[in-house]
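Reading through the C-alpha coordinates given below for one structure.
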Amino acid sequence: MAASRTTQAALFSVTGMALIGFIDNFVRVMAQDIGLWQFHLARSSFVLAMMVPLALAMGWQVRPLRFWAVAVRSFFIATSMVLYFGAVAVLPIAQVGAGLFTAPIFILVFSALFFGLSVGKWRIFAVMLGFAGVLVLLRPEAGAFSAFSLIPVLAGALYGFGSVCTRQYCEGEGTIALLTGFFVVLGLWGALGLIWFAATGQVTDPARDGFFGTGWQPWVAASVFWTAAQGIVSVVAIGCITRAYQIGEASRVAVFEYSFLIFAGFWSYILFNELPDVLGLLGIALIIAAGVVIILRSGQEST
1 MAASRTTQAA LFSVTGMALI GFIDNFVRVM AQDIGLWQFH LARSSFVLAM MVPLALAMGW
61 QVRPLRFWAV AVRSFFIATS MVLYFGAVAV LPIAQVGAGL FTAPIFILVF SALFFGLSVG
121 KWRIFAVMLG FAGVLVLLRP EAGAFSAFSL IPVLAGALYG FGSVCTRQYC EGEGTIALLT
181 GFFVVLGLWG ALGLIWFAAT GQVTDPARDG FFGTGWQPWV AASVFWTAAQ GIVSVVAIGC
241 ITRAYQIGEA SRVAVFEYSF LIFAGFWSYI LFNELPDVLG LLGIALIIAA GVVIILRSGQ
301 EST
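In C-alpha coordinates, the structure reads:
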(Lines of atoms letter the chains of each structure in order from A and count residues from 1; the text may use other names and numbers.)
(Lines give C-alpha, C1' and ligand atoms only; values in the text may rest on other atoms or scores of the structure.)
Protein backbone atom coordinates (compact mmCIF):
# COMPACT_ATOMS: atom_id res chain seq x y z
CA MET A 1 0.00 0.00 0.00
CA ALA A 2 2.80 2.45 0.90
CA ALA A 3 4.59 1.68 -2.38
CA SER A 4 1.36 2.25 -4.30
CA ARG A 5 0.80 5.64 -2.64
CA THR A 6 4.39 6.65 -3.37
CA THR A 7 3.92 5.72 -7.03
CA GLN A 8 0.68 7.71 -7.20
CA ALA A 9 2.34 10.71 -5.54
CA ALA A 10 5.24 10.52 -8.00
CA LEU A 11 2.83 10.44 -10.95
CA PHE A 12 0.90 13.46 -9.63
CA SER A 13 4.12 15.39 -9.01
CA VAL A 14 5.65 14.58 -12.39
CA THR A 15 2.37 15.40 -14.17
CA GLY A 16 2.23 18.78 -12.46
CA MET A 17 5.82 19.55 -13.37
CA ALA A 18 5.28 18.41 -16.98
CA LEU A 19 2.34 20.80 -17.32
CA ILE A 20 4.28 23.74 -15.85
CA GLY A 21 7.37 22.92 -17.91
CA PHE A 22 5.21 23.04 -21.04
CA ILE A 23 3.05 26.10 -20.44
CA ASP A 24 5.81 28.32 -19.04
CA ASN A 25 7.63 28.11 -22.35
CA PHE A 26 4.89 30.26 -23.87
CA VAL A 27 5.61 33.24 -21.62
CA ARG A 28 7.98 34.50 -24.31
CA VAL A 29 5.08 34.35 -26.79
CA MET A 30 2.89 36.48 -24.51
CA ALA A 31 5.81 38.86 -23.99
CA GLN A 32 5.50 39.92 -27.63
CA ASP A 33 2.13 41.56 -26.93
CA ILE A 34 1.79 42.36 -23.21
CA GLY A 35 4.00 43.10 -20.20
CA LEU A 36 4.77 41.24 -16.99
CA TRP A 37 2.51 43.36 -14.81
CA GLN A 38 -0.52 43.06 -17.08
CA PHE A 39 0.03 39.30 -17.26
CA HIS A 40 0.15 38.85 -13.48
CA LEU A 41 -2.91 41.02 -12.83
CA ALA A 42 -4.94 39.26 -15.52
CA ARG A 43 -3.84 35.73 -14.67
CA SER A 44 -4.36 36.19 -10.92
CA SER A 45 -7.81 37.69 -11.47
CA PHE A 46 -8.72 34.80 -13.76
CA VAL A 47 -7.47 32.14 -11.31
CA LEU A 48 -9.14 33.74 -8.28
CA ALA A 49 -12.41 34.07 -10.19
CA MET A 50 -12.30 30.32 -10.84
CA MET A 51 -10.87 29.10 -7.55
CA VAL A 52 -12.55 31.12 -4.80
CA PRO A 53 -16.20 30.46 -5.80
CA LEU A 54 -15.41 26.77 -6.21
CA ALA A 55 -13.73 26.66 -2.80
CA LEU A 56 -16.67 28.39 -1.13
CA ALA A 57 -19.14 26.05 -2.84
CA MET A 58 -17.14 23.03 -1.67
CA GLY A 59 -16.84 24.37 1.87
CA TRP A 60 -13.06 24.68 1.72
CA GLN A 61 -11.30 27.13 4.03
CA VAL A 62 -10.41 30.33 2.16
CA ARG A 63 -9.84 32.67 5.10
CA PRO A 64 -6.37 32.21 6.68
CA LEU A 65 -5.98 31.36 10.35
CA ARG A 66 -3.14 33.89 10.73
CA PHE A 67 -3.47 36.69 8.21
CA TRP A 68 -0.04 38.16 8.88
CA ALA A 69 1.72 34.81 8.41
CA VAL A 70 0.01 34.07 5.11
CA ALA A 71 0.65 37.65 3.96
CA VAL A 72 4.39 37.42 4.68
CA ARG A 73 4.66 34.00 3.08
CA SER A 74 2.67 35.16 0.04
CA PHE A 75 4.85 38.25 -0.41
CA PHE A 76 8.07 36.27 -0.70
CA ILE A 77 6.65 33.45 -2.84
CA ALA A 78 4.78 35.84 -5.16
CA THR A 79 7.79 38.13 -5.54
CA SER A 80 9.92 35.15 -6.51
CA MET A 81 7.38 34.32 -9.22
CA VAL A 82 7.44 37.90 -10.52
CA LEU A 83 11.19 37.52 -11.01
CA TYR A 84 10.86 34.00 -12.41
CA PHE A 85 8.33 34.94 -15.09
CA GLY A 86 10.26 38.07 -15.97
CA ALA A 87 13.38 35.99 -16.52
CA VAL A 88 11.58 33.25 -18.49
CA ALA A 89 10.63 35.83 -21.10
CA VAL A 90 14.27 36.46 -22.04
CA LEU A 91 16.43 33.59 -20.73
CA PRO A 92 16.39 29.84 -21.51
CA ILE A 93 13.75 28.26 -19.29
CA ALA A 94 16.09 25.48 -18.16
CA GLN A 95 18.53 28.10 -16.84
CA VAL A 96 15.74 30.05 -15.13
CA GLY A 97 14.31 26.86 -13.64
CA ALA A 98 17.71 25.86 -12.30
CA GLY A 99 18.00 29.23 -10.60
CA LEU A 100 14.57 28.82 -9.02
CA PHE A 101 15.46 25.30 -7.89
CA THR A 102 18.30 26.64 -5.77
CA ALA A 103 15.46 27.17 -3.26
CA PRO A 104 16.31 24.05 -1.16
CA ILE A 105 19.83 25.42 -0.72
CA PHE A 106 18.50 28.74 0.54
CA ILE A 107 15.91 26.99 2.73
CA LEU A 108 18.77 25.19 4.47
CA VAL A 109 20.88 28.35 4.80
CA PHE A 110 18.01 30.50 6.12
CA SER A 111 16.86 27.77 8.51
CA ALA A 112 20.37 27.50 9.93
CA LEU A 113 20.94 31.27 10.17
CA PHE A 114 17.57 32.36 11.57
CA PHE A 115 16.03 29.29 13.21
CA GLY A 116 19.03 27.39 14.60
CA LEU A 117 18.75 24.33 12.35
CA SER A 118 21.61 21.90 12.97
CA VAL A 119 23.41 21.23 9.69
CA GLY A 120 25.73 18.27 9.27
CA LYS A 121 28.51 17.53 6.81
CA TRP A 122 26.33 16.11 4.05
CA ARG A 123 24.15 19.20 3.79
CA ILE A 124 27.15 21.54 4.10
CA PHE A 125 28.63 19.63 1.16
CA ALA A 126 25.32 20.02 -0.71
CA VAL A 127 25.34 23.81 -0.21
CA MET A 128 28.89 24.00 -1.57
CA LEU A 129 27.90 21.78 -4.51
CA GLY A 130 24.89 23.94 -5.27
CA PHE A 131 26.95 27.13 -5.06
CA ALA A 132 29.44 25.61 -7.52
CA GLY A 133 26.51 24.78 -9.81
CA VAL A 134 25.32 28.40 -9.70
CA LEU A 135 28.79 29.66 -10.58
CA VAL A 136 29.07 27.23 -13.48
CA LEU A 137 25.60 28.14 -14.71
CA LEU A 138 26.12 31.90 -14.47
CA ARG A 139 29.83 31.96 -15.42
CA PRO A 140 30.52 35.44 -13.99
CA GLU A 141 33.82 35.66 -15.89
CA ALA A 142 32.26 34.67 -19.22
CA GLY A 143 31.00 37.03 -21.88
CA ALA A 144 27.52 35.50 -21.62
CA PHE A 145 27.05 36.76 -18.05
CA SER A 146 24.81 39.71 -17.28
CA ALA A 147 23.25 41.04 -14.13
CA PHE A 148 19.93 39.73 -15.46
CA SER A 149 21.36 36.22 -15.11
CA LEU A 150 21.23 36.65 -11.32
CA ILE A 151 17.45 37.13 -11.29
CA PRO A 152 16.58 33.38 -11.33
CA VAL A 153 18.88 32.79 -8.34
CA LEU A 154 17.32 35.73 -6.50
CA ALA A 155 13.93 34.16 -7.28
CA GLY A 156 15.21 30.93 -5.73
CA ALA A 157 16.35 32.79 -2.61
CA LEU A 158 12.99 34.50 -2.17
CA TYR A 159 11.12 31.26 -2.80
CA GLY A 160 13.34 29.55 -0.25
CA PHE A 161 12.63 32.19 2.39
CA GLY A 162 8.92 31.97 1.63
CA SER A 163 9.10 28.21 2.10
CA VAL A 164 10.79 28.69 5.48
CA CYS A 165 7.97 31.06 6.45
CA THR A 166 5.46 28.41 5.36
CA ARG A 167 7.09 25.83 7.61
CA GLN A 168 7.62 28.12 10.59
CA TYR A 169 4.48 30.27 10.61
CA CYS A 170 1.78 28.67 8.42
CA GLU A 171 1.23 25.32 10.12
CA GLY A 172 -2.42 24.35 9.93
CA GLU A 173 -3.26 26.77 7.12
CA GLY A 174 -5.40 25.29 4.35
CA THR A 175 -4.05 24.83 0.84
CA ILE A 176 -6.74 27.07 -0.66
CA ALA A 177 -5.98 29.85 1.86
CA LEU A 178 -2.29 29.72 0.90
CA LEU A 179 -3.08 29.67 -2.83
CA THR A 180 -5.52 32.56 -2.45
CA GLY A 181 -2.95 34.64 -0.59
CA PHE A 182 -0.32 33.87 -3.23
CA PHE A 183 -2.49 34.88 -6.18
CA VAL A 184 -3.82 37.98 -4.40
CA VAL A 185 -0.28 39.28 -3.80
CA LEU A 186 0.77 38.33 -7.34
CA GLY A 187 -2.20 40.28 -8.68
CA LEU A 188 -1.30 43.24 -6.46
CA TRP A 189 2.23 43.21 -7.89
CA GLY A 190 0.70 43.37 -11.36
CA ALA A 191 -1.62 46.23 -10.40
CA LEU A 192 1.21 48.22 -8.77
CA GLY A 193 3.39 47.84 -11.86
CA LEU A 194 0.61 49.05 -14.14
CA ILE A 195 -0.20 51.97 -11.81
CA TRP A 196 3.45 53.03 -11.81
CA PHE A 197 3.64 53.09 -15.60
CA ALA A 198 0.33 54.95 -15.83
CA ALA A 199 1.39 57.50 -13.19
CA THR A 200 4.69 58.22 -14.91
CA GLY A 201 2.97 58.62 -18.27
CA GLN A 202 5.38 56.31 -20.05
CA VAL A 203 4.36 55.05 -23.47
CA THR A 204 5.73 51.51 -23.55
CA ASP A 205 6.11 48.86 -26.21
CA PRO A 206 6.90 45.16 -25.56
CA ALA A 207 9.21 44.99 -28.58
CA ARG A 208 11.22 47.96 -27.31
CA ASP A 209 10.91 47.85 -23.53
CA GLY A 210 10.72 44.12 -22.83
CA PHE A 211 8.47 42.11 -20.49
CA PHE A 212 9.62 43.90 -17.31
CA GLY A 213 9.38 47.41 -18.73
CA THR A 214 5.98 47.36 -20.41
CA GLY A 215 2.80 48.88 -19.05
CA TRP A 216 -0.77 48.21 -20.13
CA GLN A 217 -1.22 47.11 -23.74
CA PRO A 218 -4.37 46.47 -25.78
CA TRP A 219 -5.43 42.85 -25.62
CA VAL A 220 -5.06 40.74 -28.74
CA ALA A 221 -6.40 37.23 -29.28
CA ALA A 222 -3.03 35.52 -28.73
CA SER A 223 -2.30 37.20 -25.39
CA VAL A 224 -5.84 36.51 -24.11
CA PHE A 225 -5.54 32.85 -25.09
CA TRP A 226 -2.12 32.28 -23.52
CA THR A 227 -2.94 34.18 -20.33
CA ALA A 228 -6.10 32.09 -19.87
CA ALA A 229 -4.19 28.91 -20.76
CA GLN A 230 -1.52 29.81 -18.20
CA GLY A 231 -4.16 30.26 -15.53
CA ILE A 232 -6.02 27.01 -16.26
CA VAL A 233 -2.91 24.83 -16.67
CA SER A 234 -1.27 26.36 -13.58
CA VAL A 235 -4.29 25.59 -11.40
CA VAL A 236 -4.40 21.98 -12.67
CA ALA A 237 -0.64 21.62 -12.16
CA ILE A 238 -0.72 23.06 -8.65
CA GLY A 239 -3.63 20.75 -7.86
CA CYS A 240 -1.56 17.74 -8.99
CA ILE A 241 1.43 18.82 -6.91
CA THR A 242 -0.74 19.51 -3.86
CA ARG A 243 -2.34 16.07 -4.21
CA ALA A 244 1.13 14.51 -4.44
CA TYR A 245 2.10 16.05 -1.09
CA GLN A 246 -1.18 14.92 0.45
CA ILE A 247 -0.67 11.23 -0.35
CA GLY A 248 3.13 10.93 -0.43
CA GLU A 249 6.05 11.51 1.93
CA ALA A 250 7.24 15.09 1.45
CA SER A 251 10.96 14.41 0.99
CA ARG A 252 10.27 11.84 -1.72
CA VAL A 253 7.74 14.00 -3.54
CA ALA A 254 10.11 16.99 -3.52
CA VAL A 255 12.74 15.04 -5.45
CA PHE A 256 10.29 14.49 -8.32
CA GLU A 257 9.80 18.25 -8.63
CA TYR A 258 13.20 18.40 -10.31
CA SER A 259 11.59 16.69 -13.30
CA PHE A 260 10.48 20.24 -14.15
CA LEU A 261 13.95 20.96 -15.49
CA ILE A 262 13.77 17.94 -17.80
CA PHE A 263 10.33 18.85 -19.14
CA ALA A 264 11.17 22.55 -19.45
CA GLY A 265 14.35 21.77 -21.36
CA PHE A 266 12.58 19.20 -23.55
CA TRP A 267 9.77 21.57 -24.57
CA SER A 268 12.22 24.45 -25.02
CA TYR A 269 14.10 22.29 -27.51
CA ILE A 270 10.95 21.05 -29.29
CA LEU A 271 9.31 24.48 -29.51
CA PHE A 272 12.28 26.80 -29.91
CA ASN A 273 15.24 24.54 -30.71
CA GLU A 274 16.93 25.86 -27.56
CA LEU A 275 19.21 23.90 -25.24
CA PRO A 276 21.80 24.95 -22.64
CA ASP A 277 25.43 24.41 -23.61
CA VAL A 278 27.63 21.80 -21.92
CA LEU A 279 28.62 24.07 -19.01
CA GLY A 280 25.00 25.10 -18.55
CA LEU A 281 23.95 21.45 -18.34
CA LEU A 282 26.76 20.78 -15.85
CA GLY A 283 25.60 23.67 -13.65
CA ILE A 284 22.01 22.43 -13.75
CA ALA A 285 23.16 18.91 -12.84
CA LEU A 286 25.14 20.21 -9.84
CA ILE A 287 22.15 22.22 -8.59
CA ILE A 288 19.86 19.20 -8.95
CA ALA A 289 22.35 16.99 -7.10
CA ALA A 290 22.64 19.53 -4.27
CA GLY A 291 18.86 19.85 -3.95
CA VAL A 292 18.32 16.10 -3.92
CA VAL A 293 20.98 15.60 -1.20
CA ILE A 294 19.41 18.32 0.96
CA ILE A 295 15.90 16.93 0.51
CA LEU A 296 16.89 13.33 1.22
CA ARG A 297 18.85 14.31 4.34
CA SER A 298 16.10 16.61 5.61
CA GLY A 299 14.70 13.90 7.87
CA GLN A 300 18.07 13.59 9.61
CA GLU A 301 18.57 17.06 11.04
CA SER A 302 22.16 16.68 12.22
CA THR A 303 23.63 15.04 9.10
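Residues 1 to 303, numbered by this note's numbering, are exactly what the sequence shown covers, in order.
From the three backbone atoms N, C-alpha and C, an ideal C-beta is built for every residue, glycine too.
On a predicted model such as this, the values are computed, not experimentally measured, just so you know.
When rounded, the separation of the alpha-carbon atoms in M17 and I241 is 8 Å. Assignment of Y269 by DSSP, reduced to helix, strand and coil, places it in the helix class. In terms of CA proximity to R208, Q32 leads the group V27, A264 and Q32. In this structure the segment 164-173 touches the segment 108-115; the number of beta carbon pairs closer than 8 Å is three or more. Counting only the Cα atoms, Y245 lies some 33 Å from N273.
For Y159, the enclosing alpha helix (DSSP H) stretches over residues I151 to Y169. Going by beta carbons, V292 and V253 fall outside the 8 Å limit. Take the alpha-carbon of A71 and the one of E171: they are about 14 Å apart. Straight across, the Cα-Cα distance linking Y169 with P53 is about 26 Å. Where Q61 is concerned, there is no enclosing alpha helix (DSSP H), because DSSP gives it neither an H nor an E. The three-state reading of DSSP puts P53 in helix, counting H, G and I together. The alpha-carbon separation between W37 and M51 amounts to approximately 21 Å. In this structure, Y258 lies away from I294, with their beta-carbon atoms at least 8 Å apart. Rounded to whole angstroms, the gap between the alpha carbons of F263 and A69 is 33 Å.
Three or more pairs of CB atoms, one per stretch, sit closer than 8 Å, so the segment 278-287 contacts the segment 122-140. Just so you know, the alpha carbons of G97 and R66 end up roughly 31 Å apart.
Three or more beta-carbon pairs separated by less than 8 Å link the segment 20-34 to the segment 206-225, which places the two stretches in contact. As for any alpha helix (DSSP H) of minimum length 4 sitting wholly inside the segment 186-272, the runs are 206-209, 221-247, 250-256 and 259-272, ordered along the chain. Taking the Cβ atoms as the reference, H40 lies roughly 3 Å from G190, within the contact range of under 8 Å. Sixteen is the threshold: since fewer than 16 other Cβ atoms of the shown chains lie within 10 Å of the Cβ of A49, the residue is exposed.
Between L154 and Y84, the alpha-carbon positions lie close to 9 Å from each other.
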